[in-house]
């Protein structure tokens with residue numbers, strides 16, 4: 003049997019495929035015997051799967067984030083589809099399979115984004131803020147920061163999404179700083195870089211972007227505030243006023259109490275960061291929602307709860323997407 | 003008697019000064035005789051004024067927006083200050099006085115902004131949108147557009163404020179368009195240029211930024227939509243879909259029904275325009291609120307209702323303002 | 003085979019029937035071949051239908067609002083019912099079928115309503131408002147106005163519903179005008195007649211009361227305001243103050259910003275129109291919701307989202323409906 | 003000294019006048035001696051008054067609702083005006099002064115309203131509801147019902163206001179009942195008559211429309227429900243279903259929980275009563291707010307909190323008010 | 003055939019069981035013949051059931067709250083399960099079956115709660131309040147009070163739940179009264195005992211905790227207020243001020259208008275009662291929601307609408323539940 | 003001159019008194035010379051004060067929280083009162099003056115509260131939580147914790163208020179824990195003790211309960227979370243799950259996002275803590291608001307914004323307060 007993409011498998015067909023594990027449970031049949039119940043993912047699809055027997059020796063290796071190779075059959079069940087697994091093993095290095103192959107990934111090249119990230123961190127002149135950024139994005143956190151999506155499903159919900167989102171906000175903030183010399187540009191950019199780092203612990207991209215217990219109980223804002231406070235504590239001479247303003251940027255960046263910020267923006271930099279975040283998040287989210295339903299001559303998406311409306315799909319959207327190159331050429335204006 | 007600035011006059015001092023009329027009423031004394039009651043403005047201050055007699059021959063020339071030359075006395079009345087006018091005439095050309103001398107004005111040079119405005123309009127490639135912009139900003143409307151503030155008191159509330167605000171939004175939109183090839187850049191920029199033109203009829207800058215009757219009864223959004231619809235009607239071949247999307251940008255630009263938009267944003271361009279508008283408006287408003295109370299070692303403004311908080315005044319704000327040149331030099335980064 | 007009403011057809015029965023097309027799509031089978039997917043309506047029911055082959059020569063004639071004659075079978079599919087069509091043609095004049103036969107229709111006789119409408123328009127004394135009403139309800143718009151429902155599903159959601167709703171509001175406004183001589187009765191009645199005309203373009207009754215693209219992007223309030231503003235522009239000497247007040251009635255008639263009015267009611271006539279509209283709309287909506295579930299000894303409807311509750315069905319409702327004549331006789335009181 | 007209207011008295015003038023007592027307190031001077039502090043009212047004005055001595059023998063007769071004859075002086079105090087009383091006695095029958103002379107009164111003739119009220123109660127055919135209305139509006143309650151205003155300050159805030167308001171609602175309900183045979187007209191009219199009777203105990207018109215303790219602790223809705231429930235209990239054979247529906251009309255008539263109704267409207271009659279109440283209340287309130295500020299060529303009232311806006315004063319308002327007769331003549335239309 | 007618990011029956015198995023009737027309807031088959039449609043309940047489960055024939059002679063005995071003995075088969079239908087009944091009779095005394103066997107019941111022993119209830123009523127010193135409590139909880143109401151749940155599904159939703167909930171509130175109020183001598187403890191405890199008695203008429207525990215018509219149309223708050231007002235009326239000399247405060251406690255106990263209280267808390271006792279009620283209700287509701295999903299190593303419940311979140315299930319919850327005795331031993335502290 | 007209480011000083015009288023400094027500013031006279039502007043407080047009153055000269059040598063010692071001895075005159079100014087200071091020195095030990103003499107203080111004896119606090123901390127059995135409490139309330143923080151009020155003005159707004167409030171919550175939580183064995187009592191009590199410790203840095207009782215910069219920019223919730231997280235970090239073996247739950251109690255204790263909690267309560271302990279906090283805070287706040295206006299036969303307080311109503315003052319409130327002893331005697335019941 004040949005290895006297939008799950009999207010090409012027909013109902014009742016037997017197949018072999020690699021899939022990503024997003025949930026694992028051992029459940030009990032009516033007759034009291036255990037069976038394995040899995041949730042498996044491919045880039046765009048999610049499947050329920052069961053394995054009735056012979057899973058004892060592999061069971062302990064399974065956990066969310068693992069890629070497995072299975073042999074099974076796609077069958078109909080309860081009005082939906084279910085995979086019945088006959089054989090299963092965890093993929094290993096020789097299979098040459100990567101997590102990124104099973105999860106959506108940013109369209110921007112990673113290298114380009116990493117270069118940009120480095121240029122931004124180097125543009126910070128204030129010595130304390132520079133040290134802070136360097137110490138926070140040091141080693142392990144940066145690695146997770148690069149991989150993590152910016153959200154579970156709404157905006158930038160893909161691998162490298164948090165990095166892409168952060169860079170968009172930085173550019174918007176930098177532009178607005180040119181309008182107002184009163185803005186402390188270094189503070190604003192540092193805040194932009196740090197504001198969402200709590201998401202690296204709130205979201206677990208290996209669980210296909212699920213929340214961690216810590217994330218649900220504390221929230222990414224508090225996680226980030228604690229992290230940054232500790233990093234500042236280790237920098238000698240970091241001014242108290244600057245520390246309070248930096249933490250304030252993190253705490254207030256969702257703009258309103260009902261959006262889970264424990265304080266509202268009270269500084270010029272904080273109000274800019276909040277609205278830059280909104281602009282980046284919403285434009286990405288709307289774009290994705292429209293593209294996801296752009297097919298044929300369909301003019302409207304389904305009702306989108308977070309937008310409180312359905313969205314319009316313009317006639318020329320598809321042309322626009324494919325002509326990306328030309329469009330950016332036209333941009334030689336102010 | 004020398005001509006004085008009203009801010010330099012002491013209580014009970016007699017003086018001569020030029021002031022801007024913002025309200026005119028003829029009222030009646032207890033004894034049944036008429037007297038003249040005026041509201042007068044200088045750049046930062048507003049005064050109640052009365053003229054008890056000898057105003058009959060000048061009365062009909064007075065109306066909001068007129069600059070007058072008065073001789074009078076500053077006296078205390080009812081816990082506040084009041085000007086008692088003994089002589090009054092309307093200023094004429096020979097006095098060399100301009101409206102801009104009595105109202106706050108944008109800090110950006112007008113010429114620079116007009117150049118930028120022209121470059122932007124010329125960057126629109128779509129022939130129908132280009133024609134639309136050219137016909138709308140033709141003659142009289144453009145003149146008012148240049149003079150009008152963007153708001154009565156909250157953000158960009160000064161002469162040329164609407165122009166400054168519009169250009170900020172255009173730049174933000176242009177940046178975001180580089181993130182998303184799916185954005186119809188011409189449509190977005192045209193929407194940015196047109197979205198607030200209703201304010202030229204809603205606000206009367208000659209009344210020191212008061213609302214007109216039409217403005218209060220219709221609102222600037224509907225005024226703009228009607229104006230633009232009529233202009234489109236005169237352009238042969240303007241595509242129906244493009245027309246609906248253009249009007250949608252104007253109608254939805256306040257983002258939420260409760261902010262007086264009759265429809266919420268339903269296109270990618272509309273959601274970008276709404277958040278770009280918010281970002282420009284709020285950063286300008288917070289900046290002005292902070293600067294207005296920045297004095298001595300004061301750390302907090304009074305409670306600002308539209309921000310739902312009081313705002314923080316950083317230690318280094320004043321240094322930052324005065325060093326404007328240097329700061330913009332540091333900006334050689336991504 | 004005899005022509006049947008679709009409501010009388012049993013599962014797995016073959017039948018011939020006339021039905022109204024509300025959606026048309028050409029989709030693709032797994033094997034890559036095209037098939038026709040339709041949504042078909044009868045007065046009370048909606049069906050999904052498929053035609054697997056032989057639809058090429060009829061396909062281009064199909065569009066929402068068309069009545070078709072089909073031969074097919076009613077089958078179960080995915081827990082619901084589906085029509086499999088074997089033969090299909092568009093109905094023609096000889097079939098003697100009308101759109102009204104497939105859509106719900108007002109219970110008030112149309113002639114009676116048209117008479118009443120004419121008496122109302124003739125009762126307007128103000129020459130400018132009379133001209134305005136005459137020019138707006140001239141020809142094509144009046145035709146659509148008569149056919150259009152007042153809503154998609156909530157109130158007066160049937161053919162002639164907008165006319166019935168408008169006449170109810172006019173009568174309520176006329177009564178309230180007798181309470182307050184301060185009310186400008188002509189202005190109020192003109193506003194009542196005009197306030198919802200945008201619905202003739204917002205709703206497409208041929209699509210079984212779906213929204214048009216223009217309707218979704220602009221909203222019926224703005225559509226009406228633009229329409230009326232253009233009509234006023236053509237009437238010489240129409241007073242500016244009257245124009246602003248008339249447009250204000252249209253713009254504010256939903257009473258609150260969050261109900262999509264861009265301005266709240268600011269005149270006496272506007273507040274009366276808003277509440278008269280509410281009274282007509284809500285009483286119609288509640289009545290229909292209660293009747294729709296009135297059967298047997300059921301005492302409560304299901305939860306109704308727009309009412310935020312379930313509604314009570316009184317014991318004597320059905321007696322009351324059938325005794326309509328007698329009840330109106332009892333009404334000889336003040 | 004001649005008896006004067008307080009509105010004609012000048013500052014520092016001594017005068018004699020009749021005034022209505024709305025508050026009475028005995029306070030203590032710095033030196034420990036008691037003095038009398040009063041709040042006095044005339045139709046449109048409210049005054050603080052003090053009497054320094056010689057009030058012991060009259061003190062116990064004073065209470066809100068009493069009319070007194072005073073001699074005193076109008077003086078300025080603390081930026082406002084204050085009456086210093088030198089002599090004071092309670093008015094008696096010989097003075098020929100009535101409460102209505104000191105409080106605003108409905109413009110509709112009382113006799114006309116009482117006739118109408120009787121016709122309405124006689125038009126109820128259902129024997130149980132007829133008995134209920136007769137027993138509730140029996141004797142003492144009817145007397146208070148006739149005198150009480152419908153509100154403290156917002157709508158129908160004058161003597162006979164509750165009666166006027168109730169009759170407006172009855173007429174609106176009767177009109178809407180002609181639209182829908184499904185409406186139980188007797189139930190609806192009975193509900194309209196009863197819905198606000200709790201205000202006779204909630205408001206004390208003798209205290210110039212202040213709230214009673216009972217009114218503040220229970221609210222007029224519960225007071226009415228208890229009253230009506232007791233009256234029904236005494237009517238033999240009153241059907242349980244009719245009782246619950248009648249009480250429901252009272253309880254739900256403010257339409258929403260946040261407007262202090264403990265249940266939302268769940269019957270057809272209840273939704274009609276709620277919106278008829280709104281229509282009567284709001285049109286009366288807006289009219290009064292506009293008239294109160296209609297003077298000269300003023301175009302806008304001050305900001306009205308309950309309307310959430312300022313209101314427009316049309317040019318022809320005053321003409322309209324004075325021509326009341328003619329306007330009602332024009333009304334010979336449908 | 004042996005009598006079974008319904009939870010032990012397998013699909014397609016024939017069985018005999020006792021079940022509680024919660025809904026009864028006679029419906030019509032396609033062929034026009036009647037059939038019996040029932041909703042049946044066991045402690046934790048709800049079933050749809052049909053009986054196709056031979057139900058005429060038993061039909062009239064069936065009503066919600068009856069326990070019946072059936073013979074039937076459990077079959078799959080429409081994706082769910084359905085009981086097909088072949089034989090049916092109403093249970094009688096000889097069967098020895100009680101309602102409590104079919105509904106969830108409080109875990110606190112009833113005797114213990116009744117003792118506590120008596121001690122509380124005897125602790126009221128104020129003679130009027132003591133008489134009031136005694137007369138209200140006299141005979142029939144007390145019986146229903148003891149059986150009724152405190153809610154339909156959210157908190158204390160089981161037999162004796164209202165009693166358990168009331169006693170919790172009493173204890174909390176008694177504690178808070180020790181903090182503040184200003185609290186009128188007798189009034190507060192009387193209010194706590196009376197505040198929810200309307201639920202005995204609002205909820206029908208025999209219908210498995212459904213609402214009565216009266217309950218839906220009036221609400222339990224008004225039902226209680228009427229009941230208590232009548233009881234007070236019969237107690238000679240009951241002080242007016244005390245009466246108003248007692249009724250106020252009932253009316254305001256849901257704390258906010260939008261939670262269906264017609265007045266907000268305006269006394270010290272009222273604010274304590276409201277928050278004591280919240281504390282008892284919410285802690286019970288959250289506990290039940292967590293326990294209901296506590297199984298295996300599950301860490302989170304599903305999304306709970308009334309909590310606006312999903313709830314965390316701690317690791318040691320199950321140990322804690324089973325060790326109840328030990329835990330209460332540790333409690334020898336302040 | 004004798005030392006006086008400021009409340010006994012008359013206008014224009016010269017006096018000597020001790021007062022608490024709450025604000026200090028050096029301002030500039032019209033003539034350019036500096037003068038000293040102070041805000042001074044006594045237990046109940048706040049005064050503006052000026053010192054025109056001779057303040058240079060004392061100026062640097064002045065700061066909020068200092069007690070000073072002044073000689074001056076009380077004069078009227080701008081409709082209020084102002085102190086003109088002629089001599090001023092900072093109080094020293096020999097004056098025997100304490101901060102508590104100038105600020106409101108809890109009525110509960112401090113020793114009693116400290117004993118209770120110790121018993122509570124000792125009742126925690128869990129070793130990790132016990133260590134955490136001991137380390138947090140170690141030394142400096144405990145000192146501030148004992149002095150700090152629980153709020154600026156609403157509830158427990160007096161010296162020792164935070165301690166009193168915390169102990170009330172602990173007792174309520176302990177009672178509720180007896181209802182539910184599922185509650186982790188140690189966790190709940192630890193959370194109760196820790197939840198408000200951020201107020202020791204948010205509020206500065208030396209500034210008469212003003213906010214610190216850090217408090218305004220971070221909020222007391224985040225301050226506490228950071229503090230506790232650091233303390234936990236130093237306790238070896240502290241379980242991760244326990245840590246997250248403890249931090250969750252602090253973060254969610256205000257119950258709703260709009261009340262500034264960044265996460266809503268998601269555990270049983272968290273929902274109990276939130277409502278216990280509400281109960282303690284609201285009952286204290288209402289009591290104080292009622293007592294503050296309890297004088298003569300006044301029945302109602304002014305409108306209280308945080309209660310959204312005015313509050314009722316019962317007749318017997320004063321008797322109740324003075325009879326405190328007797329009332330607590332009656333409490334020998336369940």
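Protein chains in written order, with my numbering: chain A, 3 to 336; chain B, 3 to 336; chain C, 3 to 336; chain D, 3 to 336; chain E, 3 to 336; chain F, 3 to 336.
Backbone N, C-alpha and C fix where the C-beta goes; we use that ideal spot for every residue, glycine too.
Item, Value
"Where residue 237 of chain F sits in the DSSP three-state scheme", "coil"
"Beta bridge counterpart(s) of residue 337 of chain A as assigned by DSSP", "Outside the shown range of chain A, which is 3 to 336, sits residue 337 of chain A, and nothing can be said about it."
"Proximal residues, the region 216-233 of chain D versus chain F, C-beta separation under 8 Å", "218, 219"
"Backbone CA spacing between residue 281 of chain D and residue 170 of chain C [nearest angstrom]", "14 Å"
"7 Å CB neighbourhood of residue 43 of chain B in its chain, flanking five on each side removed", "21, 22, 24, 104, 210"
"Buried or exposed (CB count within 10 angstroms, at least 16 for buried), residue 135 of chain C", "buried"
"Spatially closest choice to residue 61 of chain E from E:83, E:91, E:48, E:86, by CA coordinates", "E:91"
"Buried or exposed (CB count within 10 angstroms, at least 16 for buried), residue 5 of chain F", "exposed"
"Cβ shell of residue 304 of chain F (< 8 Å), same chain only, five flanking positions each side left out", "295, 312"
"Min CB distance residue 304 of chain C to chain E below 8 Å", "no"
"Counted within 10 angstroms of its Cβ, other Cβ atoms place residue 327 of chain B as buried (16 or more) or exposed", "In this prediction, residue 327 of chain B scores a pLDDT of 40, lower than 50, which makes its location untrustworthy; the coordinate-derived value is nonetheless stated afterwards. By the 10 Å Cβ count, residue 327 of chain B comes out exposed."
"8 Å Cβ cutoff, residue 261 of chain B in contact with chain A", "no"
"Within the region 74-135 of chain F, ranges of the alpha helix (DSSP H) (whole runs, at least 4 residues)", "112-124"
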